[in-house]
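Per the numbering used here, the sequence shown starts with residue 258, numbered consecutively. Where is the CB? At the ideal position from N, CA and C, for every residue including glycine. As the structure is a computational prediction, the values presented were derived from the model and not from experiment. Written below as structure tokens is the structure these notes are about.
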Amino acid sequence: KEKYVEKPKQPTRIILDTHCRTPIDALAVKGEIETLIITAEETKCDKKYGGNVKIISCSTTEEGFIDLQYALSILYKRGIKTLLVEGGGTVIWSFLREKLVDELYIYIGSIIIGGEKTPTPVEGEGFLVKNNILRLKLLEYSKMGDGILLHYRLTRK
């Protein structure tokens with residue numbers, strides 16, 4: 258059966274890595290999937306990744322982070338028109354702050370992790386002004402194990 262069915266094309270993996278700290282033996286850069294590592298222009302990245310990995314230099318913001326608008330324009334020129342962004346609170350906040358998010362998938366698991374130093378899904382300064390608050394419209398939800406997956410669309414009011 259498998260010899261008659263083509264292996265599906267995997268999406269390009271994109272890693273935002275301002276200082277080129279991704280180890281050469283990281284799972285994210287292994288295998289045959291095309292992987293783009295976006296680093297700051299001033300970063301010298303001389304690591305020898307596999308042939309599937311390309312380093313792309315990008316301008317940075319005043320805070321020293323990857324300029325997401327510029328990075329997305331580079332990706333668009335390479336034919337990448339949609340992204341699934343996975344990341345920590347800082348990455349998620351950066352995309353939300355720049356209004357580069359159309360939809361959110363939020364998984365709520367069946368455990369509670371607490372403490373004032375615990376990372377949150379969205380870091381950064383947040384939206385403190387009422388006019389800047391992001392509004393969401395729930396599109397669907399589904400039970401996943403003991404958790405729930407929420408699918409929202411951002412409304413542009």
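Candidates the options: closest to residue i by CA position
| i | options | result |
| --- | --- | --- |
| residue 398 | 381, 337, 364 and 355 | 364 |
| residue 362 | 334, 384 and 404 | 404 |
| residue 333 | 263, 261 and 269 | 269 |
| residue 286 | 328, 276, 305 and 299 | 305 |
| residue 389 | 359, 328, 372 and 353 | 353 |
| residue 349 | 337, 325 and 336 | 325 |
| residue 360 | 370, 342 and 369 | 342 |
Beta-bridge pairing of residue i - partner residues as DSSP gives them
| i | result |
| --- | --- |
| residue 314 | 296 |
| residue 398 | 407 |
| residue 323 | 317 |
| residue 270 | 292 |
| residue 353 | BP columns for residue 353 are empty, so no partner. |
Status (buried if at least 16 other CB within 10 Å, exposed otherwise) for residue i
| i | result |
| --- | --- |
| residue 330 | exposed |
| residue 375 | exposed |
| residue 283 | exposed |
| residue 367 | exposed |
| residue 351 | buried |
| residue 292 | buried |
| residue 377 | exposed |
* **Ordered list of beta strand (DSSP E) runs contained in the segment 356-390, each at least 3 residues** => 360-365
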